[in-house]
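S.K.: Residue numbers (my numbering): 1 to 87.
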């Protein structure tokens, strides 16, 4: 999983999620991953800087449960927020 972020001109963060068929074969699993990421973003958006964020899933997350995926994305939001505060 990777998050690319770009400065935007809005006063709030925006999100784009990409889950490839190549890495996650079942559509239901791809949609589940997207829902988890969007929900996590919704809960953390007020702590995030005003940036455009692109989340790309490189490796299959299918066999993992929702809790593990949620923990991974929450950790990424914390890293992004911490790195933004440093600069």
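Positions of the beta carbon are idealized from the N, C-alpha and C atoms, including for glycine.
Mapping DSSP to helix, strand and coil, what is residue 11?
M.R.: Three-state DSSP puts residue 11 in coil, outside helix and strand.
S.K.: Write down the C-beta distance between residue 92 and residue 33 rounded to the nearest angstrom, noting that I regard them as a contact closer than 8 Å.
M.R.: The structure shown does not extend to residue 92, since the chain is modelled only from 1 to 87, so the question has no answer here.
S.K.: Three-state secondary structure (DSSP) at residue 24?
M.R.: coil
S.K.: Of all the options 21, 26, 16, which has the alpha carbon lying nearest to the alpha carbon of residue 39?
M.R.: It is 16.
S.K.: Regarding residue 56 and the ligand MG, is the C-beta to nearest heavy atom distance less than 6 Å?
M.R.: You won't find the ligand MG in this model; it holds no ligand whatsoever.
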